[in-house]
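Structure, as structure tokens:
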Amino acid sequence: MNSVHTEAIILSTKDHGESDRLIRFFSNEKGSLRGIAKGARRSRERFVHSFEPFSVVELKYLERRGLIWVESSRLQEPFLALRKDLERWGYAALITELVLEMVPESEPNPDLFFLLKEAYARFSEEREPINVLLLFLFRFLDFLGYLPAMDACSKCRKPACELTRWWWGVKRGVFACPDHRSFDDDEFPLDLGTVTLIQKSRRLSLDTVWRLCFKRDKRNALLEVLIEWVKELIQKDLNSVRMLRKLRPAS
Ligand SMILES: [Zn+2]
Numbered sequence: 096m097n098s099v100h101t102e103a104i105i106l107s108t109k110d111h112g113e114s115d116r117l118i119r120f121f122s123n124e125k126g127s128l129r130g131i132a133k134g135a136r137r138s139r140e141r142f143v144h145s146f147e148p149f150s151v152v153e154l155k156y157l158e159r160r161g162l163i164w165v166e167s168s169r170l171q172e173p174f175l176a177l178r179k180d181l182e183r184w185g186y187a188a189l190i191t192e193l194v195l196e197m198v199p200e201s202e203p204n205p206d207l208f209f210l211l212k213e214a215y216a217r218f219s220e221e222r223e224p225i226n227v228l229l230l231f232l233f234r235f236l237d238f239l240g241y242l243p244a245m246d247a248c249s250k251c252r253k254p255a256c257e258l259t260r261w262w263w264g265v266k267r268g269v270f271a272c273p274d275h276r277s278f279d280d281d282e283f284p285l286d287l288g289t290v291t292l293i294q295k296s297r298r299l300s301l302d303t304v305w306r307l308c309f310k311r312d313k314r315n316a317l318l319e320v321l322i323e324w325v326k327e328l329i330q331k332d333l334n335s336v337r338m339l340r341k342l343r344p345a346s
């Protein structure tokens with residue numbers, strides 16, 4: 096039996112039986128995990144307010160016969176601002192849903208842990224939550240290996256900085272100059288400024304990346320293309336997106 100003490104982010108929780116809860120969480124050391132908290136709905140002492148999604152907690156659990164038994168959980172950061180604003184809550188729910196759907200379980204990824212925690216913090220405090228969402232999405236999709244290199248045309252290797260207009264074949268994972276674009280349905284136009292921002296969003300350190308700012312008039316189209324793409328990758332609709340569309344029909 097292996098007892099573990101870790102910092103973790105609560106991704107989702109579900110009632111189980113009379114008094115237990117099933118917890119999906121992202122641990123700093125071991126990545127995405129699922130565990131059971133026995134008596135969680137009765138014991139307020141061991142689990143004080145700490146099973147709300149997006150909360151950062153200090154978790155103690157036991158690993159026994161391949162199962163994870165959550166022993167106690169102490170709240171470190173509840174990101175209360177997210178719970179007072181439905182739109183910000185929706186963005187936090189969206190990135191959480193993507194982690195649940197797209198990140199393999201039991202694979203350590205401390206960078207993703209930090210990215211997720213930083214994104215919740217920025218959603219809580221920044222004036223431009225859609226910009227935060229775009230920065231998160233590009234970094235996240237880069238972590239998972241879905242983004243093509245955007246430093247040069249995939250075909251002729253012409254450097255990105257030499258042209259102002261580029262084409263991103265989203266589903267095929269190609270990046271093309273106007274001479275080598277394919278005219279396929281998945282092609283999305285990118286100006287050099289946006290290409291440069293995407294590249295920086297993949298490279299800057301996780302505490303400075305949030306300084307980048309996508310142009311306002313580009314944000315909605317970029318967000319739309321990313322969301323449609325991830326929906327296709329996971330082969331289903333996203334609950335959080337449905338909720339956000341009700342709040343913001345235009346986006
Ligand atoms: Zn080319």
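Residue numbers (this note's numbering): 96 to 346.
Glycine residues also receive a C-beta, built at the ideal position from the N, C-alpha and C atoms.
{"query": "Counting only the same chain and skipping the five closest in sequence on each side, list residues whose C-beta sits under 8 Å from that of R183.", "result": "A176, L177, F218, S219, P224"}
{"query": "Please work out which residues of its chain come closer than 6 Å, Cβ to Cβ, to Y215, disregarding the five sequence neighbours upstream and downstream, and give them in chain order.", "result": "F149, F174, A187"}
{"query": "Kindly indicate which residue of D302, W263, L287 has the alpha-carbon position closest to the one of S81.", "result": "Because the chain spans 96 through 346 in this model, residue 81 falls outside it and cannot be assessed."}
{"query": "Whose C-beta lies closer than 8 Å to the C-beta of L162 among residues of the same chain, with five residues either side of it excluded?", "result": "G130, I131"}
{"query": "If we ignore side chains and look at the alpha-carbon of each, how far apart do E147 and S168 end up?", "result": "11 Å"}
{"query": "Taking the alpha helix (DSSP H) that N315 falls in, what are its first and last residues?", "result": "311-329"}
{"query": "Using the rule of at least 16 other Cβ atoms within 10 Å of the residue's Cβ for burial, across every protein chain shown, is E327 buried or exposed?", "result": "exposed"}
{"query": "Answer with buried or exposed for E192, where buried requires no fewer than 16 other C-beta atoms within 10 angstroms of its C-beta.", "result": "buried"}
{"query": "Please state if the CB of L207 and the CB of I190 are separated by a distance shorter than 8 Å.", "result": "no"}
{"query": "Rounded to the nearest angstrom, what separates N204 and R119 at their Cα positions?", "result": "15 Å"}
{"query": "Use the C-beta contact count for S145: other C-beta atoms within 10 angstroms, 16 or more gives buried, fewer gives exposed.", "result": "buried"}
{"query": "Between which two residues does the alpha helix (DSSP H) containing W184 stretch?", "result": "181-197"}
{"query": "Just verifying my parser: in three-state terms, what is the DSSP assignment at E223?", "result": "coil"}
{"query": "Suppose you measure from the CA of K109 to the CA of K133; what does that come to, to the nearest Å?", "result": "12 Å"}
{"query": "Going by C-alpha to C-alpha distance, which of W164, E102, G268, I105 sits closest to D280?", "result": "G268"}
{"query": "By Cβ distance below 6 Å, which residues in the same chain neighbour N97 in space, the five residues on each side in sequence not counted?", "result": "E158"}
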